[in-house]
Structure formats: structure tokens, C-alpha cells
Amino acid sequence: MKRLFDTSVLVAAMVEAHPAHVRSLHAFQRSLKDGQGWVGTHSVAELFAVLTRMPVSPRIGPDLAHRLIQDNIESSSLNLVALETSDYFAVLERMTEFGLAGGVIYDALILQSACKAQVDEIITLNEADFVRISSGLAIRIVAP
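Sequence positions in the sequence shown follow our numbering and run 83 to 226.
In C-alpha cells form, the structure reads like this:
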């Protein structure tokens, strides 16, 4: 079963202080073992941004955030999916079709990555956001 990880789960899997750390880490490790884990390249940048601004002590600086991403994504068995220009315009069409505005577009980019990779499910801690933008698609939205 192919799974794409939302940034929220990646953050939780990498930060022990996160309330969803254990369950997110378990889901993440399971996908590393079976080779069926996917991440959108957009999420790599988003992950860096979130890690370096999290209110944890000690703070996660750019060096540590980069190392966490290298160790857990770049050097792992995760598959990366990159969006093309046409994918971005497809996301804009979906946002317009659903009458959505604002930051939910970032979830829509992750959804587009999932569609492009033809995954079976998106693993997220933000189920409600993904449910509202994935209507009509055969991708399951699940929490870790």
C-alpha cells in the first residue's frame, strides 16, 4: 500500500516532544521498511520551515533541521515526488472549484503530489483539511 506523508506527520515523527511523536514515528518507520512511503518535494521545504521555527527547547537550528531531513528523507528509502508547472495550475483549478482560499493551498499541493504518485492514502494529522479538498478522489485520508 503506497502512502504519502503530510508534513504534519513528518514533523511529529522527527520531534520527540511532539504529542503525536510515537504514532507518527511508527507509521513512518513502517513505510521505511516496506518501501511504500512517499513525500512531496514541497513538503521537504515546508518541513525545514516548520522544524526551524518550532517552539521547542532547545530550538532546532538550520544545521540540525537539515541533518534530520537528510537522515530521515534524503538518505532513506522514501520515494520523492516533484510537481511540475501543470500540477500547480491543476491545484489552482481545484482550489477555485471548491471555493477555497488561503493556506489550504499547501495541503492541496501535497494532495496533488499524492495523486501524481498514485498513492493509496495520505497520512496526516490534519485529516479535516485533506478531507475537504480530496472529494471525488480515491485516496484515503488517515491519521497515523
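Built from N, CA and C at the ideal position, the CB exists for glycine as well.
Here the alpha carbon of Phe212 sits roughly 30 Å from the alpha carbon of Ser139.
Straight across, the Cα-Cα distance linking Val121 with Asn161 is about 6 Å.
The Cβ atoms of Asp88 and Ile221 do not sit closer than 8 Å to each other. Within the same chain, Val163, Leu165, Asp169 come within 8 Å of Lys198 by CB-CB distance, once the 5 residues on both sides are set aside. Gly185 is not bridged by DSSP to any residue. Between Leu193 and Ser217, the C-beta spacing is not below 8 Å. Across the structure, Ala196 and Leu86 are spaced so that their CA atoms are roughly 6 Å apart. Spatial neighbours of Leu133 in its own chain (CB-CB distance under 6 Å, excluding positions within 5 residues in sequence) are listed in chain order as Ile142, Ala147. Taking 4 residues as the shortest admissible run, the segment 130-185 contains the following complete alpha helix (DSSP H) segments, listed from N- to C-terminal end: 144-151, 167-180. Between Leu107 and Ala99, the C-beta gap is not smaller than 8 Å, which leaves the two residues out of contact. In the DSSP assignment, Val121 forms a beta bridge with Leu162.
Taken through DSSP and simplified to helix, strand or coil, Leu219 comes out as coil.
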